[in-house]
Amino acid sequence: MKPSRDIEVLLAIMAALRTPGTGCPWDLEQSFETIVPYTIEEAYEVADAIERRDFLDLRDELGDLLLQVVFHARMAEEEGLFAFGDVVQAITAKLIRRHPHVFGEARDLAPEAVKALWHDIKRQEKDERRRERSTAGGEEDAPRGLLADVPKVLPALTRAEKLQRKAATVGFDWTDRRAVVDKIREELREVEETLDSTDRAAQQDEIGDLLFAVANLARHLEIDPEAALRGTNTKFERRFRFIEQVVEGQGASMADVSLEDMEDIWQEAKRREREGA
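Each residue of the sequence shown is one higher than the one before, counting from 1 in UniProt numbering.
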């Protein structure tokens, strides 16, 4: 085997890794369930490379993500379910079907008309999938309702935003973003009411409501709550590292520094960021 730009070579490598007797013991013992965490991790590593604008890493991480698709497709082929070619056919068919304004007769549509058409096509796809499941005898096990196709394995903030966005398509939504801010204040008051309680379940419930409301505000402002929180995480790491560096420069350890002194250094980090230092 030699490295190649040809997808067929990647498929052949995966097949060799999964060949009993001559393949890789680790690859052979994997299943759809055991590979899922790696698939999710690789998607996050793609996002991380993009956020860092590291396109050498992005190239490699996209390859790792592609390997996950190939891995799942190979296991499905071994079980007689589908093959990699079927995955490619399914996505190409979906893209053509969902873009009649590009590949079909529905030309020169305004953006809002394109959006409405997109939702109509997705509803038709759901109806078709429901018929397919019914024919296969699986309809009773299939989730129902408007929110049923929002994956449960998504990060909680992302899933909250998607659930809210779905509900909004049928008018279940705030019409004023300031009303969402009022809702956040209400949820925060309810969190405060649990502070002296020993009811951990109630505290968790109220914190969840508060986060859900914040995710809703992010959606109304057209901000990705996951991206916003990732940015804040990065900012926190950067400022905390600045504290560590200042303390190290003073020949001290973090354990020797008071909270007040750390806060002063934190504010200095913020000032430097504002001034572009």
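Using N, Cα and C, we set each Cβ at its ideal position, and we do this for glycine too.
Residue j beta carbon less than 9 angstroms from that of residue i
| i | j | result |
| --- | --- | --- |
| ARG230 | GLU51 | yes |
| ARG53 | LEU11 | no |
| residue 285 | ASP6 | Nothing about residue 285 can be reported from this structure: the residues present for the chain run from 1 to 277 only. |
| GLU125 | ARG144 | no |
| GLU193 | ASP209 | no |
| VAL46 | LEU58 | yes |
| LYS183 | TRP174 | yes |
| THR198 | HIS119 | no |
| GLN203 | LEU195 | yes |
| HIS99 | ASP108 | no |
| ASP256 | VAL247 | yes |
Among the options, the one whose alpha carbon lies nearest that of residue i
| i | options | result |
| --- | --- | --- |
| LYS162 | LEU217, THR135, ALA116 and GLU132 | LEU217 |
| LEU147 | ALA136, ARG133, ARG123 and VAL214 | ARG123 |
| VAL214 | VAL170, GLU42, ILE40 and VAL181 | VAL181 |
| PHE84 | VAL247, GLU8 and ILE184 | GLU8 |
| GLU33 | HIS99, VAL153, ILE121 and ILE13 | VAL153 |
| GLU79 | GLY276, LYS2, GLU112 and SER31 | SER31 |
| ALA269 | PHE236, SER258 and ASP256 | PHE236 |
| GLU260 | PRO151, ARG271, ILE243 and ASP176 | ILE243 |
| ALA93 | LEU66, ALA110, ILE121 and GLU275 | ILE121 |
| THR39 | GLY63, PHE55, PRO111 and PRO20 | GLY63 |
| ASP149 | LEU56, ASP127 and THR135 | ASP127 |
Residue i classed as buried or exposed, judged by whether at least 16 other C-beta atoms fall within 10 angstroms
| i | result |
| --- | --- |
| GLN250 | exposed |
| ARG90 | What sits at residue 90 in the sequence shown is Ala, not Arg. Exposed: under 16 other Cβ atoms inside 10 Å. |
| ILE223 | exposed |
| PHE71 | buried |
| MET14 | buried |
| LEU66 | exposed |
| ARG157 | Note that residue 157 is Leu in the sequence shown here, rather than Arg. Burial call: buried. |
DSSP three-state assignment for residue i, whether helix, strand or coil
| i | result |
| --- | --- |
| ASP60 | helix |
| SER134 | helix |
| GLN89 | helix |
| ILE50 | helix |
| GLY208 | helix |
| GLN250 | coil |
| VAL36 | helix |
| ALA156 | helix |
| VAL170 | coil |
| ARG272 | helix |
| HIS99 | coil |
| PHE71 | helix |
| LYS2 | coil |
| ALA148 | coil |
| ARG18 | coil |
| ARG107 | coil |
| GLY231 | helix |
| ASP224 | coil |
| LEU66 | helix |
| ALA83 | coil |
| LEU195 | coil |
| GLU263 | helix |
| ASP182 | helix |
| ASP176 | coil |
| VAL214 | helix |
| VAL9 | helix |
Supposed close pair residue i, residue j - CB separation, criterion 8 angstroms
| i | j | result |
| --- | --- | --- |
| PHE212 | ALA160 | 5 angstroms |
| ARG129 | GLN164 | Wrong, their Cβ atoms sit about 24 angstroms apart, outside the cutoff. |
| LEU95 | ALA106 | Not really, about 15 angstroms apart at Cβ, beyond 8 angstroms. |
| GLU61 | GLU41 | Actually they do not touch by this definition, with Cβ atoms about 10 angstroms apart. |
| GLU206 | GLU187 | 7 angstroms |
| TRP266 | ARG238 | Contact flag wrong, Cβ pair sits at about 11 angstroms. |
| LEU221 | ARG185 | No, LEU221 and ARG185 are not in contact; Cβ-Cβ is about 16 angstroms, not under 8 angstroms. |
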